[in-house]
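Going line by line, the protein sequences match chains A and B. The opening position of the first sequence corresponds to residue 2 in my numbering, with each subsequent residue numbered one higher. The opening position of the second sequence corresponds to residue 979 in my numbering, with each subsequent residue numbered one higher. Below is one structure, written out as structure tokens; comments come after it.
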Amino acid sequence: MTRASEATGQGPDQPVAQVGGGIIDATDSPVLDVDPGINATSPKLAPWELRFTSYDVEAFEVPRGREEQWRFTPLRRLRGLHDGSATATGRIGVSVVSGFGDAASSDLGGVRHETVGRDDPRLGDGGIPADRVAAQAWSAAPEAHVVTVDEARSEDEPLTVTVTGPGEGQSVYAHVQLRLERHAEAVVVLDHRGSGTVAANTEFVVADGAKLTVVEVHDWADDAVYVGAQHLSVGRDATIRHTSVTLGGDLVRLSPVVNYRAPGGDVELDGLYFADGGQHFEQRLLVDHSVPNCRSRVTYKGALQGAEGGTAAHTVWVGDVLIRKAAEGTDTYELNRNLLLTDNARADSVPNLEIETGEIVGAGHASATGRFDDEQLFYLMARGIPEAQARRLVVRGFFGEVIQKVRVPALRDRLEAAIEAELEAVGV
Amino acid sequence: MSTLEIRDLHVEVETESGPKEILRGVDLTVNSNETHAIMGPNGSGKSTLAYSIAGHPKYTVTQGQVLLDGEDVLAMAVDERARAGLFLAMQYPVEVPGVSMSNFLRSAATATRGEAPKVRHWVKEVKGAMSDLDIDPAFAERSVNEGFSGGEKKRHEVLQMSLLKPKIAVLDETDSGLDVDALRVVSKGVNDYKQSSDVGVLLITHYTRILRYIAPDRVHVFVNGRVAASGGPELADELEENGYERFLGASSATKEEQPA
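And the structure:
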């Protein structure tokens, strides 16, 4: 079956505001906590209004696949992460080094890497699980890795946190928290690799005035299944630059949530994903503007290529942005673009923007999914550039905006090489 | 010495109501060091001729030949045509987001020259060519044609021609949308390349204006998908004076297409 694309929501490049109609309980808690019993009766609810958070796995129904939250996910491929039947059989590997790649050193300077019990009071500072798999991972992870940065580190000295899967046929629940204390700064590569089945919570706790630049790479082996919730906590005047890169794995499902704790937060979420035949890459984002004068930018770009006759490549991008009544002065824009390199590919792209106050700087979204632009190819080839190279130039250009923001040159090289290799694999 | 020969070229495009023939037997020969102007009213098929020579997939050749120095151009892929020495300056240059002009130019020069130009040499060459066309050096780092004005796009088309050094250049309405200053700069760029090379130029235009700057050796009137008349530069003067009326009148097919 060939399906070009399905873009629900609004047309491309049209900022849309859906105002009112929500039952939103804006308490002091920055995490939306709504009684699902009330919401279940209303047919007009936006996805986040059904958002329920809890540390308790039993507080969530076992997903059946019809729920808004799970409707795109092939549940049978989750290997029981969602229904309690996946028992932890292995261990997650978490290592922290200073530097990236060849330049890495085990001397962390002032950075602390602790392995703590689940009762550590710092856990949850980033956010609270909002789906059953995240809650399962929360309660089933035997320990959590907390990496703390107290000071401003040089941009030339990135930290690399490598998370390694438990191995083929093994399952594991994991918990990693990255903490930047007041006015700390760090560039971090959060590198996921290996095999197995993993459900995880990853917390990014960025205190007042701190600045985190993190590239989260999911370069899993072909067998791997990873379902992860990313909890981003943004302190007063704090800055987060989060780039999410998904290149490998059988199924990767990421749910980043941005929780602004105080005014002045500035968050950019960039994403790059490249799905081959049979792969399911899903990203569900929520930027929760709950306090005034915060900024968010979301730029996710995906390429898909399914082999002819094989299983389709499938990506899902759901971008929810909520501007609550209190969040005056909000400035937000989100964009998702998908490039279908072959026929056998399907990209779902669903931007949602809900605005509950008119006192904002700006809010907009755009989503577009399309095939290779034949006019671009013709133009490049008319200048003598061979077709394969022309295609590579176009794809590289497509991702360029996201890749250029990766501040670690060696990682940028690796990502560019990985994209080249992907393209070569199907002869593009 | 190069020759582009177009013989009895018939081209059609796919439309909602089936294939439609646009070119109906074009015969034309362009040699090195010659400049041919093709003039014709809108819809006469001038741009179709340009894109067919370059190999745009939208156009299907149903009959005839295009030969470059005896080689069958129609059997070549788009990129092979460019590497064989054909160049098309497009009426509507395409934007390629995320690909810098400098990267694009270098990729194109590497392809057409058969080897990567030496870096130091290349930088100098590009800078010089850009300055000749009054192009701000900052454009080198901008995405190909993205956000360029009409005039900026046309300057960059001529820039590409001067760097890729084709044997035969087809300029498709390079003058359209240019103010007089831009027209002067672009024309100078074409003339400079003509002088420094043996290029044969096929200049497609709707207006005689550009012919004041780029002197044609031959002028062809293009009507209803074929060359209706050919002559020297004086033919352009006649067109300036009287328009295409005389040639349109001879074409019954044009009338047929008018709504009843």
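Glycine residues also receive a C-beta, built at the ideal position from the N, C-alpha and C atoms. Keep in mind it's a predicted model, so treat the numbers as computed, not measured.
At a cut-off of 8 Å between beta-carbon atoms, B:Q1138 makes contact with chain A. Within the region 253 to 283 of chain A, no residue has a Cβ lying closer than 9 Å to any Cβ of chain B.
In the DSSP assignment, A:L381 falls outside any beta strand (DSSP E) and lies within the alpha helix (DSSP H) extending over D375 to M382.
Comparing C-alpha distances from A:L82 to each of A:L336, A:S140, A:Q390 and A:A422 shows the shortest one belongs to A:S140. Less than 8 Å separates the beta-carbon of A:A208 from that of A:R183. For a Cβ distance threshold of 8 Å, nothing in chain B lies close to A:A225: the least Cβ distance comes to about 30 Å. Ranked by how close their Cα comes to the Cα of B:E1212, the residues B:H1014, B:E1093, B:T981 and B:K1096 have B:H1014 in first place. By alpha-carbon distance to B:E1223, the top candidate from B:G1125, B:K1102 and B:V1201 is B:V1201. Taken through DSSP and simplified to helix, strand or coil, A:V206 comes out as strand. If you ignore the 5 residues before and after B:G1167, its C-beta comes within less than 6 Å of the C-beta of L1111 and V1136, all in its own chain and listed in chain order. Contact check between the region 212 to 223 of chain A and the region 179 to 193 of chain A: three or more CB pairs, one atom from each, fall below 8 Å, which counts as touching. Against chain B, the beta carbon of A:D375 has neighbours under 8 Å at P1035, listed in chain order.
For A:P410, the closest Cβ of chain B is not nearer than 8 Å.
In the structure shown, the three-state DSSP call for A:N260 is strand. Within the region 1073 to 1091 of chain B, those residues whose Cβ lies closer than 9 Å to any Cβ of chain A are, in chain order, E1073, V1074, P1075, G1076, V1077, S1078, N1081, F1082, L1083, S1085, A1086, A1087, T1088, A1089, T1090 and R1091. Scanning chain A for C-beta atoms nearer than 8 Å to the C-beta of B:L1142 yields R384 and G385, reported in chain order. Contact between the region 71 to 81 of chain A and the region 188 to 196 of chain A is absent: fewer than three C-beta pairs spanning the two stretches fall below 8 Å. Nearest neighbour of B:L1226 by Cα position, chosen from B:V1122, B:I1016 and B:S1022, turns out to be B:S1022.
Listed along chain A, the residues sitting closer than 8 Å to B:R1061 by beta-carbon distance are G385. Among the residues of the region 204 to 228 of chain A, none has a Cβ less than 8 Å away from any Cβ of chain B. Annotation for B:K1143: no beta strand (DSSP E) segment contains it, and DSSP assigns it neither H nor E.
Neighbours of A:V246 in chain B, taken as residues whose beta carbon is under 9 Å from its own, are absent, since the nearest beta carbon is some 17 Å off. In the three-state scheme derived from DSSP, where H, G and I count as helix and E and B as strand, A:R242 is classed as strand. Counted as a single uninterrupted DSSP element, the stretch harbouring A:F275 is not any alpha helix (DSSP H) but the beta strand (DSSP E) occupying residues D267 to D277.
Among the residues facing chain A, B:A1028 is not included, as its CB has no counterpart in that chain under 8 Å away.
Per the C-alpha coordinates, the member of A:Q137, A:A142 and A:L160 positioned closest to A:V148 is A:L160. Interface with chain A (8 Å Cβ-Cβ cutoff): B:A1107 is excluded. Across the structure, A:V150 and B:Q1138 are spaced so that their CA atoms are roughly 51 Å apart. Beyond the five residues adjoining it in sequence on each side, B:E1012 comes within less than 6 Å, by CB distance, of G1178 and D1195 in the same chain, given in chain order. When DSSP states are grouped into helix, strand and coil, A:V98 belongs to the strand group. If you look at A:N345, you'll find it isn't in any alpha helix (DSSP H); DSSP assigns it neither H nor E. Following the DSSP letters along the chain, one finds A:W139 in no beta strand (DSSP E) but inside the alpha helix (DSSP H) bounded by residues R133 to A141.
B:W1100 sits in a helix when the DSSP states are folded into three classes. A contact between stretches requires three or more CB pairs, one per stretch, nearer than 8 Å, and the region 1040 to 1057 of chain B fails this requirement with the region 369 to 376 of chain A.
The alpha-carbon separation between B:V1197 and B:G1003 amounts to approximately 18 Å. Sixteen is the threshold: since fewer than 16 other Cβ atoms of the shown chains lie within 10 Å of the Cβ of B:Y1185, the residue is exposed.
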